[in-house]
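So the structure is just underneath, and the comments pick up after that.
Protein chains: 2
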Amino acid sequence: MKAVVNVFLKEGVLDPQGKATHHALESLGFSGIDSVRIGKQIVIALNSSDQAEAKRSVEQMCETLLANTVIEEYSVEIVE
Amino acid sequence: MKAVVNVFLKEGVLDPQGKATHHALESLGFSGIDSVRIGKQIVIALNSSDQAEAKRSVEQMCETLLANTVIEEYSVEIVE
Numbered sequence: 001m002k003a004v005v006n007v008f009l010k011e012g013v014l015d016p017q018g019k020a021t022h023h024a025l026e027s028l029g030f031s032g033i034d035s036v037r038i039g040k041q042i043v044i045a046l047n048s049s050d051q052a053e054a055k056r057s058v059e060q061m062c063e064t065l066l067a068n069t070v071i072e073e074y075s076v077e078i079v080e
Numbered sequence: 101m102k103a104v105v106n107v108f109l110k111e112g113v114l115d116p117q118g119k120a121t122h123h124a125l126e127s128l129g130f131s132g133i134d135s136v137r138i139g140k141q142i143v144i145a146l147n148s149s150d151q152a153e154a155k156r157s158v159e160q161m162c163e164t165l166l167a168n169t170v171i172e173e174y175s176v177e178i179v180e
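Taken in order, these protein sequences are the chains called A and B. Take the first sequence: its letter number 23 is residue 23 in the working numbering, and every next letter is one higher. One gets the working numbering by counting positions in the second sequence from 1 and adding 100 to each.
Here it is as structure tokens:
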């Protein structure tokens, strides 16, 4: 079973990495870009057969380690 | 229109960030984890109405700037 976790800065929190990428893309000649935001995608392979239990466990991982919930929000999706 | 780009290290390329996270999760008491891989998710807001054209443009951005195609692979998905 695989869990896909997306961690993004919350709306309103400045994203300097995204801003820098936006400027870099524009200076390379790409136009029509409104905004760029950059987050992390974490793929965790789990040896568990209980989907609900796996989701709960991964959410616990996010709260403890994977996301800084003061400035970041996360979503967990169980695939396969 | 939004483009979601996922950039991951290719299979077989060592992922030290993922390894470190795996160890950290285990030392926090989480068990049953087979592997952890960490990539980037880049969300680009575009003011374009042509979906095919947008996808082509974002793929070009990946090749030029967003991904290091020697060691990374990417996927582009157009949403909304």
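Backbone N, C-alpha and C fix where the C-beta goes; we use that ideal spot for every residue, glycine too. Note that this is a predicted model, so its numbers are computed, not measured.
Does the CB of residue i have a neighbour CB from chain C at under 8 Å?
| i | result |
| --- | --- |
| lysine 55 (chain A) | Judged by its chain identifiers, the structure shown contains no chain C, and its protein chains are A and B. |
List the endpoints of the continuous beta strand (DSSP E) containing residue i.
| i | result |
| --- | --- |
| lysine 102 (chain B) | 102-109 |
| glycine 139 (chain B) | 133-146 |
| serine 75 (chain A) | 72-79 |
Could you please give the first and the last residue of the uninterrupted alpha helix (DSSP H) stretch that includes residue i?
| i | result |
| --- | --- |
| serine 127 (chain B) | 116-127 |
| valine 113 (chain B) | Segment: none, valine 113 (chain B) is in no alpha helix (DSSP H) and carries neither H nor E. |
| serine 57 (chain A) | 51-61 |
Can we count residue i as close to the ligand COA, meaning its CB is less than 7 Å from some heavy atom?
| i | result |
| --- | --- |
| glycine 12 (chain A) | Ligands in the displayed structure: none, and consequently the ligand COA is not present. |
If we ignore side chains and look at the alpha-carbon of each, how far apart do residue i and residue j end up?
| i | j | result |
| --- | --- | --- |
| valine 143 (chain B) | leucine 166 (chain B) | 11 Å |
| valine 108 (chain B) | valine 176 (chain B) | The identity of residue 108 (chain B) in the sequence shown is phenylalanine, whereas the question assumes valine. Straight-line Cα distance between these residues: approximately 12 Å. |
| asparagine 6 (chain A) | glutamine 141 (chain B) | 8 Å |
Just mark residue i as buried or exposed, buried being the case when its beta carbon has 16 or more other beta carbons within 10 Å.
| i | result |
| --- | --- |
| arginine 56 (chain A) | exposed |
| isoleucine 38 (chain A) | buried |
| alanine 54 (chain A) | buried |
| alanine 3 (chain A) | buried |
If you measure beta-carbon to beta-carbon, which residues of the region 139-150 of chain B are closer than 7 Å to chain A? Going along the region 139-150 of chain B in chain order, one finds Gly139, Lys140, Gln141, Ile142, Val143, Ile144, Ala145, Leu146, Asn147 and Ser148 with a Cβ nearer than 7 Å to chain A.
Under 8 Å, CB to CB, which of the residues in the region 56-79 of chain A have a partner in chain B? Ser57, Gln60, Met61, Thr64, Leu65 and Leu66
Worksheet item: Using a Cβ cut-off of 7 Å, which residues of the region 101-120 of chain B contact any Cβ in chain A, in chain order?
Response: Taking 7 Å as the Cβ-Cβ cut-off against chain A, the residues of the region 101-120 of chain B that qualify are Asn106.
Of the residues that make up the region 23-36 of chain A, which ones have a beta carbon closer than 8 Å to any beta carbon in chain B? Ala24, Leu25, Leu28, Phe30, Gly32, Ile33, Asp34, Ser35 and Val36
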